[in-house]
Amino acid sequence: MKKNIFPEPLKKGAKIAIISPAGAVDPSQLEKGIEMIKNKGFEPVLGEHLYSRFSNGYTYAGTEKERIKDINWALNDKEISAIWASRGGYGCQHLIQHLKLKNFEENPKWYIGYSDNTVIQSYLLKKGFVSIHGQTIKTSSFGVTDESYDLIFDTLRGKTPKYNLESHQLNKKGTIEGELVGGNLALIYALLGSRYSFDFKDKILFIEDIGENFYALDRMIMSLELAGVFNKIRGLIVGGMTNMGDEKENKNYEESFDEFAYKLISERISKYKFPVVFGFPNGHIKDNRPLLIGGIAHIKIGTKVKIEF
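Below, the structure written as structure tokens:
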């Protein structure tokens, strides 16, 4: 089994670049996260266009050229040891055709983010590098759990995640091992058919999402099926599904793991034999615990669920 490249553990005082590859952010939204990085013994370095704004049907953190400039700086500056996205939103697809990894390949570094950052993580995995699917900086101001961030810092220091979870009633039991791919379902769907799409063969797929109508969720799952994804993967992890459907009609709208979304997914994959974990705490939820995209996951699903990298 191919082993992808893990960046070196960060030492005290290491520099962490903070960039905005997609949506715009206000300085007040990042204050807590930036202070947290300092308190953990690292030095935050702000991208030139971290707080830039450019409106073009959506408010981006700068023009495409500005965001491309910031991410390529962060990827290739030899003094930077990790890159942490300020937020997701939309815009990372603009960047991937322009990414440069010359110095990055000589000095791999952690990339941290989720949501729209799934696009960047798919790109990095294509090149053989592991990344962290976890909280962005902005979400630190939203009352998320401290453990969500503590586990990221543990990973940055060289400790890989291990999880012991309660079993969900929709789980499919089994023991599997494989490379973890995936992230935000809408972005996995958006990359299908492109050269930037994940390679699903013999992989364990992780999916999460927010703010989708149920028919849109079904459409994305159907697209994965029509693309043959479910015939290729070894297993599936389903994370947060929140703010789904119509807020006025869905009593579970604010829940992290929407019951109907889970039922829909379970029904669609019922004919497949691979093991499945429902209810993993990662996604657009307050208890968003990191997963390693490109890491080898060892999963045992029974009366309890054990996942480790």
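All residue numbers for the sequence shown refer to the numbering used here, where the first residue is 17 and numbers rise by one. In this text, a Cβ means the ideal position worked out from N, Cα and C, and glycines have one as well. Everything numeric in this text was worked out from a predicted model, so none of it was measured.
Exposure of residue i, with buried meaning 16 or more beta-carbon neighbours within 10 Å
i, result
"F158", "exposed"
"G63", "buried"
"I21", "exposed"
"N180", "exposed"
"H300", "buried"
"S36", "buried"
"R211", "exposed"
"Y205", "buried"
"G255", "buried"
"Y165", "buried"
"K125", "buried"
"P23", "buried"
"G174", "exposed"
Pair within 8 angstroms by beta-carbon distance, residue i and residue j
i, j, result
"I168", "I153", "no"
"D218", "G194", "yes"
"A77", "R83", "yes"
"E283", "M257", "no"
"V292", "K178", "no"
"F216", "K248", "yes"
"A101", "N55", "no"
"I317", "F325", "no"
"F58", "A40", "no"
"E228", "A202", "yes"
"N72", "V160", "no"
"V197", "L221", "yes"
"I128", "I99", "yes"
"V146", "I112", "no"
"Y278", "L186", "yes"
"L117", "K142", "no"
"E275", "Y269", "no"
"I315", "T191", "yes"
"N119", "K85", "no"
Span of the beta strand (DSSP E) around residue i
i, result
"V336", "Because residue 336 is not part of the residues shown, which for the chain are 17 to 325, the question remains open."
"E324", "320 to 324"
"K316", "312 to 317"
"S97", "96 to 101"
"I21", "Unbroken run through I21: none, as it is neither H nor E."
Nearest-angstrom beta carbon gap, residue j and residue i [assumed within contact, 8 angstroms]
i, j, result
"M260", "F230", "6 angstroms"
"A33", "I96", "5 angstroms"
"R250", "F290", "6 angstroms"
"L307", "L233", "No, L307 and L233 are not in contact; Cβ-Cβ is about 20 angstroms, not under 8 angstroms."
"K320", "S131", "At roughly 29 angstroms, the Cβ-Cβ gap does not stay under 8 angstroms, so K320 and S131 are not in contact."
"L207", "S138", "6 angstroms"
Host alpha helix (DSSP H) of residue i (start-end)
i, result
"K154", "It is not in any alpha helix (DSSP H) - K154 carries neither H nor E in the DSSP assignment."
"S282", "275 to 284"
"A90", "80 to 92"
Any non-hydrogen atom of the ligand FMN closer than 7 angstroms to residue i Cβ
i, result
"K94", "The ligand FMN is absent from the structure shown, which contains no ligand whatsoever."
Give the list of continuous alpha helix (DSSP H) stretches no shorter than 4 residues that lie fully inside the stretch 179 to 260. Listed in chain order, the complete alpha helix (DSSP H) runs (minimum 4 residues) inside the stretch 179 to 260 are 201 to 207, 230 to 242, 245 to 248.
Just to confirm the assignment: which complete alpha helix (DSSP H) runs, minimum length 4, are found wholly within the stretch 105 to 178? 118 to 122, 134 to 142, 162 to 172
Could you pull out every unbroken alpha helix (DSSP H) segment of at least 4 residues lying fully inside the stretch 26 to 75, listed in chain order? The qualifying runs are 43 to 55.
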